[in-house]
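K.L.:
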Amino acid sequence: MERRNFLQFSMAGLAKVAAGTTALTVAVSSAHAATINRTLYITEGYITQITGEDIYFMGFSNSTSELNIPGDPFIIHEGDTVSVTIVNTLQTPHSFVIDGQIDSGVIEAGTTKTVTFTATRAGTFFYYDKLNAPYNRLCGLHGPVAIMPRDSTNELYPGSPTFVKQQFWLFNDIDPIWNAMVENGNTPNTPFIPRFFTLNGLGGRPPGAPGYSDPTLNNMYDPRSYLKGSIGDRTLVRVLNAGMAQQAVHTHANHMEWLTSNGQIRPDIWLKDIVPLDGNGGIVDVIFPFDPPPDAWPPVTTGTYPMHLHTEMSQTAGGGFYLFGAITDIFYV
Amino acid sequence: MNDNNTTCYIYPDSPATPGVVTPDVTFDLGIDMNIPVKMDDGKKITMWGFTNDGSMNGGTFPSAPMRINAGTIVHTRLTVDGNMWNHTVHHHGIEPADHADGVGHITWDVDGTYTYQWRPMHAGTYFYHCHTNTVLHAEMGMYGALIVDPPEGPGTLVSPTASSSAITYDVESFWVVDEIDSRWHTLEWDAGTCGEDVGLHLLEPDYFVITGVDGSGTSAMNVASISATVKIGEKLLARYVCAGYHPQHIKFGGLTGTVYLSDGRELPNPIQVTELKAVSAERYDVIFEPTEVGEFIVTCDILDWITGNVLGTIKTNIIVTA
Ligand SMILES: [Cu+2]
Ligand SMILES: [Cu+2]
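Protein chains in written order, with this note's numbering: chain A, 72 to 404; chain B, 46 to 367.
#1: Taking only beta-carbon positions, decide if B:GLY302 is within less than 8 Å of chain A.
#2: Would A:PRO144 pass as a contact of A:VAL216 if the rule is Cβ separation under 8 Å?
#3: Between the segment 381-393 of chain A and chain B, which residues of the former have a C-beta closer than 7 Å to a C-beta of the latter?
#4: What in chain A is Cβ-close to B:VAL148, meaning under 8 Å?
#5: Going by other Cβ atoms of all chains shown within 10 Å of its Cβ, with 16 needed for buried, is B:GLY127 buried or exposed?
#6: Excluding the five sequence neighbours on either side, which residues of its own chain have a C-beta within less than 6 Å of the C-beta of A:LEU241, listed in chain order?
#7: Please classify A:GLY181 as buried or exposed, where buried requires at least 16 neighbouring CB atoms within 10 angstroms.
#8: What residues from chain A crowd round B:VAL134, counting only those whose CB sits closer than 8 Å?
#9: Closest Cβ-Cβ distance between A:PHE402 and chain B: below 8 Å?
#10: How would you label A:GLU383, buried or exposed, when you count the other beta carbons within 10 angstroms and need 16 or more for buried?
#11: Have a look at A:GLN386, A:VAL371, A:ASP244 and A:MET291 and flag the residue whose alpha-carbon is nearest the alpha-carbon of A:HIS213.
#12: Taking the alpha carbon of A:THR322 as the reference point, which residue from A:PRO369, A:ASP362 and A:PHE196 has its own alpha carbon closest?
#13: Does A:PRO338 come out as helix, strand or coil in the three-state DSSP assignment?
#14: Looking at the structure shown, is B:MET78 part of a helix, part of a strand, or coil, going by DSSP?
#15: Along the segment 236-248 of chain B, where does the CB come closer than 9 Å to a CB of chain A? Name the residues.
#16: Confirm, please, whether the CB-CB distance from B:SER270 to B:PHE219 is below 8 Å.
#17: List the residues of chain B whose Cβ lies closer than 8 Å to the Cβ of A:ALA397, in chain order.
#18: Kindly list the residues whose CB is nearer than 6 Å to the CB of B:PRO57, restricted to its own chain and excluding five residues on each side of it in sequence; keep chain order.
#19: Measuring CB atoms only, is the segment 238-251 of chain B touching the segment 313-328 of chain B, in the sense that at least three cross pairs come out at less than 8 Å?
#20: Going straight from the alpha carbon of A:ARG75 to that of A:LEU288, what length do you get?
#21: Taking 7 Å as the cut-off, does the CB of A:HIS381 come closer than this to any heavy atom belonging to ligand 2?
#22: Between which two residues does the alpha helix (DSSP H) harbouring A:PRO247 extend?
#23: Taking 8 Å as the cut-off, decide whether the C-beta atoms of B:ASN102 and B:LEU74 are in contact.
#24: Can you list the residues of chain A that B:SER307 reaches, using a CB-CB cut of under 8 Å?
#25: Determine the DSSP secondary structure at A:ALA90, reduced to helix, strand or coil.
#26: Go through its chain and collect everything with a Cβ distance to B:THR213's Cβ below 8 Å, but skip five positions before and after it.
#27: Specify, as a first and last residue, the run of the alpha helix (DSSP H) that A:GLY207 falls within.
#28: Tell me the rounded alpha-carbon separation between A:PRO347 and A:ASN290.
#29: Do B:GLY169 and B:GLY302 have their CB atoms nearer than 8 Å?
#30: Are there three or more Cβ pairs, one per stretch, closer than 8 Å when the segment 219-232 of chain B is compared with the segment 371-385 of chain A?
#31: Could you pull the DSSP bridge partners for B:SER264 from this structure?
#32: Using a Cβ cut-off of 8 Å, which residues of the segment 141-159 of chain A contact any Cβ in chain E, in chain order?
#33: Counting only C-beta atoms, is B:ALA142 closer than 8 Å to chain A at any point?
#34: Between B:LYS296, B:TRP350 and B:SER272, which has its C-alpha nearest A:ALA319's C-alpha?
#35: If the criterion is Cβ atoms closer than 8 Å, does the pair B:GLU217 and B:ARG284 meet it?
#36: Can you tell me the Cα-Cα spacing of A:HIS148 and A:ALA193, whole angstroms?
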């Protein structure tokens with residue numbers, strides 16, 4: 072196989088933006104519509120998995136020398152004007168789409184395009200490459216978008232229950248055979264059989280495993296993914312599924328307030344320990360309330376609990392490696 | 046002493062139970078990893094499960110139900126002995142302290158005896174399952190129903206309040222729907238935990254069960270506690286648990302039910318349903334008040350988590366008499 076001059080990444084190369092917010096696009100002031108400028112580079116490369124195999128990915132990256140999967144979030148407000156310059160460094164056409172907000176159209180190989188839009192609808196969205204669907208998205212060309220209501224910093228939609236923090240859980244499923252077909256310019260023609268499952272681009276590493284305490288390797292230690300709070304630190308989690316499998320999102324310690332499914336506000340807010348997440352682009356919004364775990368005796372206000380997908384195949388990697396899949400921690404501190 | 050440590054995973058010993066008090070109720074669980082279950086085609090599938098007397102044999106599939114009233118202090122004492130190696134008990138949907146949560150990698154997997162202490166505060170339908178190498182152990186059948194009754198006890202689903210009367214029922218059914226991939230049922234307890242590809246990413250079920258009974262034919266029809274016989278004027282409570290990993294679509298054979306609770310929490314407004322979709326570990330408590338005599342066939346399709354194709358269907362029935 073001819074290997075083009077691809078970037079070669081270990082998982083450790085990926086998540087280094089996690090701790091900083093330099094690349095995060097956040098409109099700080101909500102009192103006035105902001106103008107936001109950002110450049111994304113469509114890059115490609117191989118990521119070495121826990122099994123040792125190298126898998127081909129593409130990403131919306133912060134520089135030509137990075138491969139960011141998922142792309143860093145946009146956190147903006149209704150009314151903000153957003154200008155995104157997309158530099159397509161690859162030999163294939165791609166696009167930049169936020170459903171209902173912007174569609175760049177085809178960005179030809181090796182070209183650059185700038186698109187500008189005004190955010191019009193509060194909610195949680197993907198930005199993604201809509202071409203060659205769903206393959207380009209599955210291969211990594213996706214990232215999350217939060218559009219906050221105008222002049223609001225603590226609501227999902229006007230009048231929603233309020234939160235004090237927010238973050239994203241973006242899941243993906245990876246079938247190495249499909250990624251290799253896309254790499255070679257072919258359309259996948261085999262059944263989709265995912266062998267790796269990621270949360271915000273990373274799998275888990277259980278205690279004792281190499282990389283256990285490394286936030287760039289272990290999604291249980293990745294500040295983009297884990298929840299950390301004290302009693303009352305209500306956390307909005309915007310949950311997105313770039314993968315193909317229907318998932319069951321499960322939190323321990325507290326039930327979730329289930330606010331939306333696929334952009335629709337639910338008629339009533341149910342308290343659920345399992346929230347269904349559709350495959351192929353499904354989105355739900357939930358609030359993890361950080362109430363004391365109700366069934367503890369004696370009562371407690373601290374502790375460590377998991378969030379995991381209850382569709383347990385997603386907890387594996389490469390057919391085994393339980394706990395190296397889509398999981399993170401919930402820290403009560 | 047826990048001697049199962051590997052280069053991939055640490056199995057710390059379990060400590061004494063923090064804050065231990067005298068319980069109101071104790072469940073004494075052991076482990077049985079050789080429970081043959083006969084399917085309709087005559088094949089025997091080996092299931093794993095919990096025993097309800099602390100011993101290492103005599104387990105059933107599913108494991109024996111736990112049933113307690115809200116507000117009582119419960120001990121779940123798990124004993125893992127001999128070559129059964131590590132397991133835990135996680136009371137799914139119950140939210141105790143982490144040391145009572147039974148999640149192996151966050152606290153400890155049990156080799157020996159450990160007592161989980163908890164106090165359920167919300168009535169509803171739950172289930173308990175092993176949380177060691179969970180992908181495999183829960184699929185192998187290490188689960189049982191966990192019912193938290195309101196203080197009034199069985200027969201009441203929701204206690205009365207100042208503004209509303211109690212929600213009660215006369216007859217109760219348990220619809221715990223699960224799929225089985227017989228290929229998985231020859232694996233060791235720690236299969237795949239140290240890097241081997243044992244195919245746990247791929248669940249291709251060939252058997253479909255409801256509350257431990259092969260549901261693909263008629264075996265789960267007219268079976269006590271799964272199917273129900275109810276008189277007109279009586280109320281049937283169906284406790285539905287999606288115990289598999291693939292999504293499910295359950296249809297009530299023409300009957301309309303009212304969902305009052307899901308996942309152990311009351312809905313702000315009950316909903317009327319003739320069918321439900323559910324994903325892994327969701328629970329729905331549905332009350333039926335049939336108004337016409339007849340037999341109603343309840344079906345539940347198990348759907349592939351990627352394609353949505355129907356992988357199998359289980360059936361049971363509700364018989365309504367005058
Ligand atoms: Cu077990
Ligand atoms: Cu569970």
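Built from N, CA and C at the ideal position, the CB exists for glycine as well.
P.N.:
With the structure as the only source:
#1: Chain A contact via Cβ: absent.
#2: yes
#3: HIS381, THR382, GLU383, MET384, GLN386, THR387, GLY389, GLY390, GLY391, PHE392 and TYR393
#4: Those within 8 Å of B:VAL148 in chain A are HIS323, TYR376 and PRO377.
#5: exposed
#6: If you ignore the 5 residues before and after A:LEU241, its C-beta comes within less than 6 Å of the C-beta of PRO141, PRO215, ASN271 and LEU311, all in its own chain and listed in chain order.
#7: exposed
#8: By Cβ distance, chain A contributes nothing, its closest Cβ being about 14 Å from B:VAL134, past 8 Å.
#9: At least 8 Å separates the CB of A:PHE402 from every CB of chain B.
#10: buried
#11: Nearest C-alpha to A:HIS213: A:ASP244.
#12: A:ASP362
#13: DSSP places A:PRO338 in strand when its eight states are reduced to three.
#14: Note: B:MET78 maps to strand in three-state DSSP.
#15: ALA236, GLY237, THR238, CYS239, GLY240, GLU241, ASP242, VAL243, GLY244, LEU245, HIS246, LEU247 and LEU248
#16: Yes, Cβ-Cβ distance for B:PHE219 and B:SER270 is below 8 Å.
#17: The premise fails here: A:ALA397 is roughly 12 Å from chain B at the closest Cβ pair, so nothing lies under 8 Å.
#18: Taken in chain order, the residues that qualify are TRP153.
#19: Judged by Cβ distances under 8 Å, the segment 238-251 of chain B makes no contact with the segment 313-328 of chain B, as fewer than three pairs qualify.
#20: Any answer about A:ARG75 is weak, because its pLDDT of 42 lies below 50 and its placement is not dependable; what the coordinates show is given next. Answer to the nearest angstrom: the Cα atoms are 26 Å apart.
#21: yes
#22: 247-254
#23: no
#24: TRP341 and LYS343
#25: Reliability of the predicted coordinates at A:ALA90 is poor, the pLDDT of 37 falling under 50, and no value is obtained from them.
#26: GLY200, THR201, LEU202 and LYS280
#27: It is Asn, not Gly, that sits at residue 207 of chain A in the sequence shown. 206-209 is the extent of the alpha helix (DSSP H) around A:ASN207.
#28: 21 Å
#29: no
#30: no
#31: Answer by DSSP bridge pairing: none, since B:SER264 is not bridged.
#32: No chain E appears in this structure, whose protein chains are A and B.
#33: At least one beta carbon of chain A lies nearer than 8 Å to the beta carbon of B:ALA142.
#34: B:TRP350
#35: Yes, the pair counts as a contact, with Cβ atoms nearer than the cut-off.
#36: Cα to Cα, the separation comes out at about 7 Å.
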